[in-house]
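Okay, so the sequence shown: first residue is -10 according to this note's numbering, each after it adds one.
Input: a single structure, listed below in structure tokens.
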Amino acid sequence: MRLVLETLDSAGEIDVGIDDLVIAGWTGRNVEAVEEHIAELEEIGVARPPRVPCFYRVSAGLLSTSQTLQFWGEDSSGEVEFVLYGTDDGMLVGLGSDHTDRKVEAYSITVSKQMCTKPISGKAWRYDDVADHWDSLMLRSWAVIGGERQAYQEGPVSAMRSPEDLIGRYAGGAKVLPAGTAMFGGTLAVIGGLRPAQRFEMEIEDPVRGRTIAHGYDVATLPTDG
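Structure, rendered in structure tokens:
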């Protein structure tokens, strides 16, 4: 996978090999709020996760920087997340959408995570360049529905557990992701409820360094015959 690595003084293309893709779920720092949300989902038939946070392993081949993606049916939607990449040259942070089939999610979260391509930005930063002000980073997303661009999510990454917390829980106390591993870090509450869109746009902003990573993708739906 080829990404543009933007450092504090330059930018250039690098090759990042990813063999293992992990989707971290239920990553909110407010444990009581996470429990309330789990209870709400149980009421509509979504099973309680086996542990909190939970780590779903999916195919690394689902990662894509394409700006037009195909999804089965019309029951899927995106959600903005920070993405961590483990490399031999240090950990990177980028941007992704845990695009998920909501109809499938009602009977199996694990299967729903595997159902959809995982869009990611083509740009990344060194984690060391943002680690000392990590909690100031902001995530935002927009859904384009019927030609109207609607605010969909907005909030700081501090709403989710820190990268070190997630990595330590997933990788037995490790401080950085193993080389060849990518991890989606969890998402924010949706403004106005989950809903499908014809296009999904997202960004992660570093207000301290005055820079942003942005990405968007058009959603092409495939027919559900049979």
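Cβ coordinates follow ideal geometry from the N, Cα and C atoms, glycine included.
Endpoints, beta strand (DSSP E) assigned at residue i
i	result
residue 126	Looking at the DSSP string, residue 126 is not in any beta strand (DSSP E), and its letter there is neither H nor E.
residue 46	43 to 47
residue 159	Where residue 159 is concerned, there is no enclosing beta strand (DSSP E), although the alpha helix (DSSP H) it sits in stretches over 152 to 159.
residue 213	Element bounds for residue 213: n/a, residue is neither H nor E.
residue 170	170 to 173
Nearest-angstrom Cα separation, counted from residue j out to residue i
i	j	result
residue 80	residue 214	43 Å
residue 199	residue 113	15 Å
residue 108	residue 185	15 Å
residue 206	residue 141	15 Å
residue 129	residue 139	11 Å
residue 55	residue 150	28 Å
residue 34	residue 171	30 Å
residue 180	residue -1	36 Å
The alpha helix (DSSP H) enclosing residue i, as first and last residue numbers
i	result
residue 93	91 to 94
residue 7	Unbroken run through residue 7: none, as it is neither H nor E.
residue 102	98 to 104
Where residue i sits in the DSSP three-state scheme
i	result
residue 184	coil
residue 147	helix
residue -5	strand
residue 63	coil
residue 73	strand
residue 84	strand
residue 20	helix
residue 113	strand
residue 50	helix
residue 68	coil
Beta carbon proximity, residue i to chain D, threshold 7 Å
i	result
residue 62	Chain labels in this structure do not include chain D; a single protein chain is all it has.
The ligand COA heavy atom lying under 6 Å from the CB of residue i
i	result
residue 132	The ligand COA is not among the ligands present in this structure, which contains no ligands whatsoever.
Paired residues, beta bridge with residue i - DSSP
i	result
residue 207	57, 188
residue 193	128, 202
residue 15	In the DSSP output, where bridge partners are listed per residue, residue 15 has none listed.
residue 38	In the DSSP output, where bridge partners are listed per residue, residue 38 has none listed.
residue 28	DSSP lists no partner for residue 28.
residue 164	DSSP lists no partner for residue 164.
residue 1	-6
residue 179	Residue 179 is not bridged to any residue.
Residue i classed as buried or exposed, judged by whether at least 16 other C-beta atoms fall within 10 angstroms
i	result
residue 65	buried
residue 196	exposed
residue 102	buried
residue 57	exposed
residue 28	exposed
residue 74	buried
residue 2	exposed
residue 20	exposed
residue 89	buried
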